[in-house]
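Right, one structure below, let's go through it.
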Amino acid sequence: MVITLVHFFVGGLPWEFSETPPKIDTSIPVPGGDTERAMNKGFANKAKDGVKEQSDSPVYPLKGIKVVDTTQGYTGPYLSFMLAEAGAEIIKVEPIEGDWSKKLSPQTDKGISALYQSFNRNKTITQIDLQTDEGQSKFESLLEDADILIEEWTSESPESTIMLMTH
1125 MVITLVHFFV GGLPWEFSET PPKIDTSIPV PGGDTERAMN KGFANKAKDG VKEQSDSPVY
1185 PLKGIKVVDT TQGYTGPYLS FMLAEAGAEI IKVEPIEGDW SKKLSPQTDK GISALYQSFN
1245 RNKTITQIDL QTDEGQSKFE SLLEDADILI EEWTSESPES TIMLMTH
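Dropping the structure here:
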């Protein structure tokens, strides 16, 4: 068997078709061919020789955004958790009995769900009874300067009915 080498490193192809003859791109880089240049000059981009200053106080993209979050469990609280991580101010409004996810397992040494504590960090948490006039008034005052309201009420829920009546 005779093999014709087309490229000194790659060699030739193991097949040949009569109608479509193969062609090897001989300009491929040889392994190790750029090692000396890379070791001497490195990989630095000439256009970016400046030194970037480090900051101890990061810039958060949502800083200055106020969010009122009335959700419970994990989906809504996770959303507002992500907004809080991006710098938004989150005010979590819970019913008087608290968020139902506090009772989930596993629980921390404080007797509160680890999920609840994870998803509700970096938030201001307040309990408001939206069934009372006083609670509705407190809630309305929270909404006055809020940029975003996150809620998961059904159209038949008492909270949704209250919101429709007041707006």
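Its first residue numbered 1125, the sequence shown is counted upward by one per residue in our numbering. Built from N, CA and C at the ideal position, the CB exists for glycine as well.
Cβ shell of residue i (< 7 Å), same chain only, five flanking positions each side left out
i	result
Gly1259	Ile1252 and Asp1253
Tyr1184	Ala1210 and Gly1211
Asp1223	Gln1196 and Tyr1240
Ile1220	Gln1251 and Asp1253
CB of residue i within 8 Å of CB of residue j, strictly
i	j	result
Val1191	Ile1249	no
Leu1207	Ile1214	yes
Lys1227	Ser1237	yes
Leu1186	Val1217	no
Asn1244	Pro1182	no
Chain-order list of residues whose beta-carbon lies under 6 Å from that of residue i (same chain, five-residue window excluded)
i	result
Glu1270	What sits at residue 1270 in the sequence shown is Ala, not Glu. For Ala1270, where only same-chain residues beyond five positions count, the Cβ hits under 6 Å are Lys1190 and Val1192.
Nearest-angstrom Cβ-Cβ length linking residue i and residue j, presumed shorter than 8 Å
i	j	result
Thr1195	Glu1275	7 Å
Lys1247	Ser1204	7 Å
Residues bridged to residue i (per DSSP)
i	result
Ser1281	Paired residue(s): none; Ser1281 is not in a bridge.
Val1217	Thr1250
Ile1236	Beta-bridge pairing links Ile1236 to no other residue.
Val1191	Ile1214 and Ile1272
Gln1231	Ser1237
Beta-carbon contacts of residue i that lie in its chain and below 8 Å, excluding the five residues immediately before and after
i	result
Trp1139	Pro1146
Ser1179	none
Pro1230	Ser1237 and Ala1238
Thr1232	Ala1238 and Gln1241
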